[in-house]
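Inspection log for the structure reproduced underneath, given as structure tokens.
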Amino acid sequence: MPPFQPIKQRELIKTLRRAGFDGPYSGGKHPFMVKGDFVLTIPNKHKSDIGRELLARILKQAGMTRQEWEKL
268 MPPFQPIKQR
278 ELIKTLRRAG
288 FDGPYSGGKH
298 PFMVKGDFVL
308 TIPNKHKSDI
318 GRELLARILK
328 QAGMTRQEWE
338 KL
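So the sequence shown is residues 268 to 339, counted in this note's numbering.
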């Protein structure tokens, strides 16, 4: 169960897989993950973690709440 705090890309991908997403797949400038017909773009690896604000935007796009995220 990941807390809502900065997270590494690898942990983000693991948690999204537990939420039912497949991937990541490469394409274009950013990797992406798929759940049914929905495509979620994943930020590229950088030296730093994915911050709380970007994580919040990713969760909003994925249709997940903070509470759902923290239960995974």
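Just so it is clear, CB atoms sit at the ideal spot from N, CA and C, and this is done for glycine as well.
Nothing here was measured: the structure is a model prediction, and the numbers come from that model.
Asked, Found
"Best match in His313, Glu320, Ile280, Arg319 for proximity to valine 301 [C-alpha to C-alpha]", "Ile280"
"Residues sharing a beta bridge with lysine 302, DSSP", "Phe305"
"Status (buried if at least 16 other CB within 10 Å, exposed otherwise) for proline 270", "exposed"
"Under 8 Å between C-beta atoms of arginine 319 and proline 273", "yes"
"Lysine 312 versus threonine 282: straight-line alpha-carbon distance, rounded", "16 Å"
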